[in-house]
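In what follows, a single structure is set out as structure tokens and then discussed.
Numbering (full-length UniProt numbering), first residue to last: 1 to 304.
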């Protein structure tokens with residue numbers, strides 16, 4: 001009863017609830033992609049370690065965290081039914097503080113991005129537009145698997161990668177090779193995001209969320225996820241060969257073959273094995289990202 005009274009009369013958010021609503025566990029993908037961008041830039045890393053730390057903070061605890069609190073704010077009514085113990089519906093983040101936190105994290109993110117250079121700031125503006133559009137009306141990209149998964153893939157992988165490279169080269173636009181790799185791995189991430197939809201098919205149907213398993217059916221969505229993960233990586237292998245990086249191309253090819261073996265098992269029982277494939281397959285996928293980043297680093301260093 002005392003706790004209920006405290007929650008009902010709370011004026012400011014609990015510090016622990018603020019951390020919870022920022023979802024630190026989700027920060028790894030953009031931080032990893034940012035690091036891939038740093039590596040691919042060809043710039044000396046240890047000499048610019050302050051920029052590296054600032055950029056990692058921008059990618060994870062600021063940009064990604066903003067997208068998470070925005071999502072929780074606009075999902076508060078649904079969460080009040082399905083997960084009432086979450087920070088906003090439970091009252092541990094009271095009133096409109098979820099919205100205020102979204103604005104605060106947006107402002108701090110853009111301020112740091114501005115300091116890091118014009119192209120970093122531009123990427124941050126695009127990332128923020130996607131973060132808000134993903135969850136907030138009238139766009140609410142997450143309501144449709146085609147747009148929502150694409151937005152998440154671009155934001156978590158592509159923009160973070162390009163930002164990492166831009167930070168290390170003084171805020172300028174990275175070379176086309178870096179941009180192409182970032183785009184390809186963003187497209188592949190569409191399939192990764194589709195894997196996450198298999199665990200919530202019944203709830204998505206009930207709430208009117210048009211995820212790909214809902215729109216296409218389980219079998220077709222599973223095939224789509226595998227194809228859209230695999231094809232961009234095959235293009236990466238071809239590009240690395242054309243850039244005279246046969247060792248890196250071979251390594252990414254092995255990474256892709258491992259994923260194909262996992263895909264075969266996943267396709268037999270997509271719903272039951274989606275989480276399993278996401279855990280193993282994504283780990284292998286991001287390994288290929290870093291291998292590709294080192295390949296391009298060699299190109300950038302040679303060109304410099």
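We put the beta carbon where it would ideally sit given N, CA and C, even for glycine.
The criterion of a C-beta distance shorter than 8 Å is not satisfied by residue 120 and residue 111. With contacts defined as CB atoms closer than 8 Å, residue 252 and residue 288 qualify as a contacting pair.
Spatial neighbours of residue 216 in its own chain (CB-CB distance under 8 Å, excluding positions within 5 residues in sequence) are listed in chain order as 224. Residue 242 counts as exposed, since fewer than 16 other C-beta atoms from the protein chains shown sit within 10 angstroms of its C-beta. Runs of the alpha helix (DSSP H) spanning 4 or more residues and lying entirely within the segment 33-74 occur at 49-57, 65-74, in chain order. Here residue 144 is bridged, per DSSP, to 210. The C-beta distance from residue 230 to residue 260 rounds to 7 Å, short enough to fall under 8 Å. In this structure, the alpha-carbon of residue 180 lies about 30 Å from that of residue 265.
About 24 Å separates the CB atoms of residue 238 and residue 160; that is not less than 8 Å, and the two are not in contact.
Annotated as distal: residue 54 and residue 168, with beta-carbon spacing of 8 Å or more. Scanning its chain for C-beta atoms nearer than 7 Å, with the 5 sequence neighbours on each side dropped, one finds around residue 299 the residues 177, 243, in chain order.
In terms of Cα proximity to residue 86, the closest of 147, 41, 18, 39 is 18.
In summary, residue 77 is exposed, with fewer than 16 beta-carbon neighbours lying within 10 Å of its beta-carbon over all protein chains present. For residue 81, the three-state secondary structure derived from DSSP is helix.
With 16 or more neighbouring CB atoms inside 10 Å of its own CB, residue 35 falls in the buried class. Taking one beta carbon from each stretch, the segment 149-164 and the segment 20-34 have 3 or more pairs nearer than 8 Å; the two touch. Contact between the segment 143-157 and the segment 204-218 is present, with at least three C-beta pairs closer than 8 Å.
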